[in-house]
Amino acid sequence: MGKTETAMGVLLAGAGYRVTVKPPAASTADMGCKASSEALDIYGRLQGIQERTLLTSGRWDIAVEGNLLIEVDEQEHFNRHRATTLEGTSYPWTADYRRYCTEHESRCRTYGGYWASGSSSAMFGPASPQGDHTGVGAPRWRQRALYDAVRDVWARDNQVWKLARVSIYDVVDGVRFRDVLDGRSRIAPERLREMIESRTLA
34 MGKTETAMGV LLAGAGYRVT VKPPAASTAD MGCKASSEAL DIYGRLQGIQ ERTLLTSGRW
94 DIAVEGNLLI EVDEQEHFNR HRATTLEGTS YPWTADYRRY CTEHESRCRT YGGYWASGSS
154 SAMFGPASPQ GDHTGVGAPR WRQRALYDAV RDVWARDNQV WKLARVSIYD VVDGVRFRDV
214 LDGRSRIAPE RLREMIESRT LA
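The opening residue of the sequence shown carries number 34 in the working numbering; numbering runs sequentially from there.
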């Protein structure tokens, strides 16, 4: 578990949540036909180059009792490709996240594995030079956006688990949530619960 997830776990415990075992990664294999087709269409809109019939995201961040999954999205999740996956959606996080993609793309990491990886280049093509968005640009940005979208579609289609997304750029009671996660600021536990509830896709 990473530093952000650990910090979020502490905050959740203080707000009365109990962390539990996470389900397997989101996969089109576990979706209905319509949802699976939607996820595969998103891969196409992101200009994927492989013939795909199956998409599987990475692991979930946190699961809490009550069948609630909580994703904590850091700076690498907000860029033009994530904005593409949110077009035409009405998730509880859509409006805020599209704005964050526009306002904070410059903070999305461009070095090393944050720009390209073997698997992302296989899915989207060879990377452009770091920081260059002509052509393929950053295949890893595209892959991360795709996997986030697969989680979104999976959660909307799933009858057991619910999904909530929170971002380091969210502001709660005038405090940037990133500062809460880093321990520089505090918010009341009930404010955290309110934020999570407002961002839950039921």
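Backbone N, C-alpha and C define an ideal beta-carbon position, used for all residues, glycine too.
In its chain, beyond the 5 residues on either side, THR127, TYR130, ARG131 have a beta carbon closer than 7 Å to the beta carbon of LEU119. By a beta-carbon distance limit of 8 Å, LEU196 contacts LEU234. Their separation comes to about 5 Å. Distance from the CA of GLY121 to the CA of VAL105, rounded to the nearest whole angstrom, comes to 22 Å. Rounded to the nearest angstrom, the Cβ distance from ALA72 to MET64 is 7 Å, consistent with a contact under 8 Å. In the DSSP assignment, ARG173 falls within the alpha helix (DSSP H) that extends over 172-190. Secondary structure of GLU120 (DSSP, three-state): coil. For GLY146, the number of other beta carbons within 10 angstroms of its own is below 16, and it is reported as exposed.
CYS66 sits exposed, since fewer than 16 C-beta atoms from the chains shown fall within 10 Å of its C-beta.
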